[in-house]
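Engineer: As given, the protein sequences belong to chains A and B, one line each in that order. The numbering used here applies: residue 87 is where the first sequence begins, and numbers increase by one. The numbering used here applies: residue 64 is where the second sequence begins, and numbers increase by one. Here it is, the structure, as structure tokens.
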Amino acid sequence: MSTLRIFNGRIIDPANGRDEKADLWIRDGVIIETPVDGTKADEEIDAKGRIVAPGLIDIHVHFREPGQSHKETIGTGSQAAAAGGFTSVVCMPNTSPAADNAGTITLIREKAATSSVVNIFTTGAITKGLAGQELAPYNAMVGAGIVAITDDGHCVQNHEVMRRAVEYARMFGLVVLDHCQDYSLVGGGVMNEGEWSLRLGLPGWPRIGEEIIVMRNILLADLCDSPIHCQHISSGGSVRLIREARARGVKISGEVCPHHIALTDDHLQTFDSNYKMNPPLRTERDIEAIIGGIADGTLDILCSDHAPHAKYEKEVELDQAPFGILGLETEFGLFSDILVHKKKAIDMARLIELYTSKPAKLLSLDRGTLGVGAQGDVTLIDPDLEWVYDKELSPSLSRNTPFHGTEMKGRAVQTIVAGKTVWSL
Amino acid sequence: MSGWTRKDLLGLDELSAEELRIILDTAKAFKGVGERSLKKVPALRGHTMVNFFVEPSTRTRTSFELAAMRLSADVVNISATASSLQKGESLKDTALNLEALRADIIVLRHSSAGASRFLAERLQASIINAGDGAHEHPTQGLLDIFTMIEKRGSLEGAEVAIIGDILFSRVARSNIYALNKLGAKVTLVGPSTLVPKAFEKLGVKVAHRIDDILETADVVNLLRIQHERQRKEYFPGIGEYIKLFGLTKARAERLKPGCLIMHPGPINRGVEIDSDVADGDRSVILEQVTNGLAVRMAVLYLCAGGVGLPS
Ligand SMILES: [Zn+2]
Ligand SMILES: [Zn+2]
Chain A
87 MSTLRIFNGR IIDPANGRDE KADLWIRDGV IIETPVDGTK ADEEIDAKGR
137 IVAPGLIDIH VHFREPGQSH KETIGTGSQA AAAGGFTSVV CMPNTSPAAD
187 NAGTITLIRE KAATSSVVNI FTTGAITKGL AGQELAPYNA MVGAGIVAIT
237 DDGHCVQNHE VMRRAVEYAR MFGLVVLDHC QDYSLVGGGV MNEGEWSLRL
287 GLPGWPRIGE EIIVMRNILL ADLCDSPIHC QHISSGGSVR LIREARARGV
337 KISGEVCPHH IALTDDHLQT FDSNYKMNPP LRTERDIEAI IGGIADGTLD
387 ILCSDHAPHA KYEKEVELDQ APFGILGLET EFGLFSDILV HKKKAIDMAR
437 LIELYTSKPA KLLSLDRGTL GVGAQGDVTL IDPDLEWVYD KELSPSLSRN
487 TPFHGTEMKG RAVQTIVAGK TVWSL
Chain B
64 MSGWTRKDLL GLDELSAEEL RIILDTAKAF KGVGERSLKK VPALRGHTMV
114 NFFVEPSTRT RTSFELAAMR LSADVVNISA TASSLQKGES LKDTALNLEA
164 LRADIIVLRH SSAGASRFLA ERLQASIINA GDGAHEHPTQ GLLDIFTMIE
214 KRGSLEGAEV AIIGDILFSR VARSNIYALN KLGAKVTLVG PSTLVPKAFE
264 KLGVKVAHRI DDILETADVV NLLRIQHERQ RKEYFPGIGE YIKLFGLTKA
314 RAERLKPGCL IMHPGPINRG VEIDSDVADG DRSVILEQVT NGLAVRMAVL
364 YLCAGGVGLP S
């Protein structure tokens with residue numbers, strides 16, 4: 087038996103409505119009541135000046151195993167997660183081969199069991215081969231342990247197929263996650279359609295390419311009375327649609343990545359592929375709307391869309407470069423800096439809620455709480471720490487990030503999974 | 064020439080009015096060279112220029128080649144079909160190889176916007192953008208402006224209409240950026256699908272009827288319309304385009320007497336412009352080609368830091 091006592095900290099545990107100075111005890115990896123008999127812990131952590139939060143959860147990451155382990159492995163990705171304060175991540179299924187069957191899911195979970203320092207949850211594809219045509223075998227994939235389905239990286243264009251997916255997933259209590267992108271409207275778009283795409287002569291990716299699918303998902307969630315979660319919302323119009331639908335009781339939700347509120351499309355003017363994301367960076371107006379959506383609860387999930395790519399893959403002509411950036415190590419700092427400190431849109435307790443109990447609830451994960459009996463996943467946070475990100479220190483195998491050298495306020499400083507410290511500053 | 068500090072010419076958006084004038088003045092000096100019997104100066108002797116055309120264009124490539132030869136540079140042509148890009152080598156690797164061969168100037172034509180900047184940031188060699196996707200075609204923009212100034216004097220207050228497929232046109236963008244800086248008033252004319260309203264953010268006017276500009280334009284610059292096969296979702300067909308935007312003989316008669324008619328070529332006779340009008344006395348289409356040489360000599364000379372400008 088081994089015990090860990092974290093003392094002197096401010097416990098913020100939104101799942102249990104706690105915000106107080108108290109000790110937190112973990113025995114054999116599980117959270118226990120604070121002993122009243124004067125028990126000595128085997129290990130003690132002084133959390134003075136720190137927030138003791140449930141381990142942070144990111145429900146949208148791309149670890150590149152199987153198939154592209156030169157970009158990231160589950161092992162290196164998990165270390166990047168730990169370095170960002172995350173104890174749990176949810177992997178997207180656009181691996182190679184795609185995670186569209188029980189065998190591949192099992193392989194990923196076995197790999198995770200031996201190489202990951204954090205909890206790895208997996209998703210399965212909505213359609214076979216992410217091709218948007220035939221449903222993947224949800225029952226078998228649930229048996230192999232998936233927590234949701236998504237074709238992320240792709241978007242099911244056929245509304246009938248999507249409708250049946252949502253209906254069928256309902257039997258298994260699976261939330262459908264969707265990368266919202268209408269192919270006919272987006273075409274070869276590589277950046278936000280607007281003044282900058284006109285100036286630069288780059289093909290535009292208009293907001294309505296996202297909004298029309300968000301609207302489709304609202305209609306389907308309503309029709310099927312089943313939850314659909316819209317991934318990486320980039321457009322202010324999407325926020326408005328989701329807000330209206332949620333007010334009517336539709337089971338629709340949305341998530342935000344930090345780059346969509348930290349950066350605008352004018353960064354593409356140097357043609358730097360580290361600013362090429364899907365969906366693309368948009369404008370100040372979208373940023374204001376998204377922050378408004380986070381502030382009023384319309385959008386209550388935050389994530390990274392951590393998308394590692396090798397240098398040689400990104401170092402090409404902009405229109406030929408892959409979409410996406412690293413995100414795990416910078417997301418909490420960026421959101422803390424922008425939402426809590428600069429814009430004062432939410433407070434730190436709410437930020438922690440958006441990273442713990444909210445994602446846990448959405449995907450029914452047995453995480454995101456410091457309740458007695460829960461797994462001892464804890465993130466220690468210094469809410470006011472000012473720091474600068476250095477990508478060269480990243481444990482990730484890739485370096486594709488526009489946030490190298492960015493100053494941020496607020497940072498996770500220690501990551502504890504099942505009572506064991508897996509990373510500390 | 065004093066005032067020029069750039070290694071590369073990537074686009075006209077990034078140039079100041081002063082830098083534009085330096086190029087135009089230098090081009091004027093070089094135009095004289097083309098009118099001599101011995102059409103050659105030693106300004107770039109010992110320099111190697113590589114014409115690297117990943118997207119084919121005989122006209123632009125030939126113009127750069129002749130410009131370089133008149134400056135006594137050694138010229139190597141590399142086309143897409145012969146290039147290793149087709150064998151999967153990256154643009155960066157190909158460029159590093161060119162640099163290892165000690166190319167001093169690389170003239171790049173590429174289908175991706177930003178491709179020339181991509182090379183410029185990685186290589187010692189001077190990079191001249193000869194057209195990058197729908198982004199810019201700075202030497203075409205410069206030769207258009209050189210021609211306008213040569214014919215009219217100053218561009219201050221001049222009404223310039225650019226007509227056609229603006230959305231996909233690098234020529235239009237380079238024209239817009241430079242014309243704005245030199246004080247001209249630009250109106251873009253074309254179907255609403257190819258001339259979206261958002262272009263107004265670039266400081267230009269947008270019109271959707273050619274008849275709106277005929278009486279006021281000092282210059283009409285007609286862009287080539289790509290075949291409908293490539294553009295079928297943008298307008299219904301060539302017939303309708305001609306009806307709405309073609310510079311027909313009847314329309315040309317409504318133009319101001321001194322109005323210049325320009326086209327970057329190659330022209331679709333009877334589409335953007337009636338054949339008679341293209342060959343008429345207000346058309347400066349062939350002079351544009353001649354001026355292209357002078358402008359390209361100036362650009363090569365300035366970027367490569369050559370010596371021996373003709374007096
Ligand atoms: Zn996605
Ligand atoms: Zn993703």
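The beta-carbon is built from N, C-alpha and C at its ideal position, and this holds for glycine as well.
Relative to the C-alpha of Ala130 (chain B), which residue among B:Phe181, B:Lys155 and B:Thr202 is closest?
Structural biologist: B:Thr202
Engineer: So Leu349 (chain A) and His315 (chain A) are in contact, right, with Cβ under 8 Å, and what is the actual spacing, rounded?
Structural biologist: Not quite, the Cβ-Cβ distance comes to about 23 Å (not below 8 Å), so this is no contact.
Engineer: Find out if the Cβ-Cβ distance for the pair Val325 (chain A), Ala375 (chain A) is shorter than 7 Å.
Structural biologist: yes
Engineer: Report the CB separation of Leu75 (chain B) from Glu184 (chain B) in whole angstroms; it is logged as a contact under 8 Å.
Structural biologist: Not confirmed; about 19 Å, so no contact.
Engineer: Which value, in whole angstroms, describes the spacing of the CA atoms of Ile92 (chain A) and Pro469 (chain A)?
Structural biologist: A straight-line Cα-Cα distance of about 17 Å links Ile92 (chain A) and Pro469 (chain A).
Engineer: For the region 178 to 209 of chain B, enumerate the residues whose C-beta is nearer than 9 Å to any C-beta of chain A, in chain order.
Structural biologist: When C-beta distances to chain A are compared with 9 Å, the residues of the region 178 to 209 of chain B below that value are Ala178, Arg180, Phe181, Glu184, Arg185, Asp195, Gly196, Ala197, His198 and Glu199, in chain order.
Engineer: In or out: Thr455 (chain A) buried (at least 16 other Cβ within 10 Å) or exposed?
Structural biologist: buried
Engineer: Comparing the CB of Asp238 (chain A) with every heavy atom of ligand 1, is any distance shorter than 6 Å?
Structural biologist: yes
Engineer: Where in the region 315 to 392 of chain A do unbroken runs of the beta strand (DSSP E), each at least 3 residues long, occur, reported from the N-terminal end onward?
Structural biologist: Those beta strand (DSSP E) runs which fall completely within the region 315 to 392 of chain A and span 3+ residues are 338 to 342.
Engineer: Answer yes or no: does any C-beta atom of chain B fall closer than 7 Å to that of Gln409 (chain A)?
Structural biologist: Checking the displayed sequence, the identity of residue 409 (chain A) turns out to be Phe instead of Gln. With 7 Å as the cut-off, Phe409 (chain A) does not count as an interface residue toward chain B.
Engineer: Pull up the DSSP beta-bridge partners for Glu129 (chain A), would you.
Structural biologist: Answer is A:Leu90, bridged to Glu129 (chain A).
Engineer: Can you tell me which of B:Glu296, B:Pro329, B:Val104 and B:Ile288 puts its alpha carbon nearest to the alpha carbon of Gly309 (chain B)?
Structural biologist: B:Ile288
Engineer: Of all the residues that make up the region 245 to 271 of chain B, which are near chain A by a beta-carbon distance shorter than 8 Å?
Structural biologist: Pro259, Ala261, Phe262, Lys264 and Leu265
Engineer: So, Arg96 (chain A) versus Ile137 (chain A), is the Cβ gap smaller than 7 Å?
Structural biologist: yes
Engineer: Quick one: give me the first and last residue of the alpha helix (DSSP H) that Phe421 (chain A) is part of.
Structural biologist: Glu417 to Phe421
Engineer: Excluding the 5 residues preceding and the 5 following Gln355 (chain A) in the sequence, name in chain order all residues of the same chain whose CB lies nearer than 8 Å to its CB.
Structural biologist: Non-local C-beta neighbours of Gln355 (chain A) in its own chain, meaning closer than 8 Å and more than five positions away in sequence, comprise Trp282, Arg285 and Leu286, ordered along the chain.
Engineer: Tell me the rounded alpha-carbon separation between Phe116 (chain B) and Lys103 (chain B).
Structural biologist: 24 Å
Engineer: Is His265 (chain A) near ligand 1, in the sense that its beta carbon is under 6 Å from a heavy atom of that ligand?
Structural biologist: yes
Engineer: Pull up the distance between the alpha-carbon of Ala176 (chain B) and that of Glu403 (chain A), whole angstroms please.
Structural biologist: Approximately 8 Å, taken between the alpha carbons.
Engineer: Measuring alpha carbon to alpha carbon, tell me which residue in A:Ser320, A:Leu466 and A:Arg332 is nearest Lys134 (chain A).
Structural biologist: A:Leu466
Engineer: For Asp144 (chain A), which residues does DSSP report across the bridge?
Structural biologist: A:Val175
Engineer: Is DSSP giving Ile180 (chain A) helix, strand or coil here?
Structural biologist: Correcting the residue type first, residue 180 (chain A) is Asn in the shown sequence and not Ile. Correct three-state label for Asn180 (chain A): coil.
Engineer: Between which two residues does the beta strand (DSSP E) harbouring Ala270 (chain B) extend?
Structural biologist: Lys268 to Ala270
Engineer: Throw me the rounded Cβ distance for the Met508 (chain A) and Ile117 (chain A) pair, which I believe falls under 8 Å.
Structural biologist: Correcting the residue identity first, residue 508 (chain A) is Val in this sequence and not Met. Not confirmed; about 17 Å, so no contact.
Engineer: Under DSSP, the alpha helix (DSSP H) around Thr210 (chain B) begins and ends at which residues?
Structural biologist: Pro201 to Arg215
Engineer: Glu220 (chain A): which of A:Met227, A:Val228, A:Ala226 and A:Ala211 sits nearest, CA to CA?
Structural biologist: When each option's Cα is compared against that of Glu220 (chain A), the closest is A:Ala211.
Engineer: Using 6 Å as the cut-off, classify the Cβ of Asp391 (chain A) as near or not near the heavy atoms of ligand 2, replying yes or no.
Structural biologist: yes
Engineer: Have a look at A:Lys214, A:Leu216 and A:Leu193 and flag the residue whose alpha-carbon is nearest the alpha-carbon of Ile206 (chain A).
Structural biologist: A:Leu193
Engineer: Could you run through the region 141 to 166 of chain A and flag, in chain order, every residue whose CB is less than 9 Å away from some CB of chain B?
Structural biologist: none
Engineer: Where DSSP assigns a beta bridge to Phe127 (chain B), which residues make up the other side?
Structural biologist: Paired residues: none, contrary to the question.
Engineer: Just to confirm, does Met494 (chain A) get its C-beta within under 6 Å of one of the non-hydrogen atoms of ligand 3?
Structural biologist: This structure lacks ligand 3; its bound ligands are ligand 1 and ligand 2.
Engineer: My output table needs one value for Leu511 (chain A): the three-state DSSP class, helix, strand or coil.
Structural biologist: coil
Engineer: Along the chain, where does the alpha helix (DSSP H) that runs through Arg96 (chain A) open and close?
Structural biologist: Segment Arg96 to Asp99 is the beta strand (DSSP E) holding Arg96 (chain A); no alpha helix (DSSP H) there.
Engineer: Leaving out five residues on either side along the sequence, give the residues of the same chain with a beta carbon under 7 Å from the beta carbon of Ile347 (chain A).
Structural biologist: Counting only Cβ-Cβ distances below 7 Å, and skipping sequence neighbours, we find Ile373, Ile376, Ile377 and Ile424.
Engineer: Using only the heavy atoms of ligand 2, determine whether one of them is closer than 6 Å to the beta carbon of Met178 (chain A).
Structural biologist: yes
Engineer: Would you verify that the beta carbon of Glu401 (chain A) is, or is not, closer than 7 Å to some beta carbon of chain B?
Structural biologist: yes
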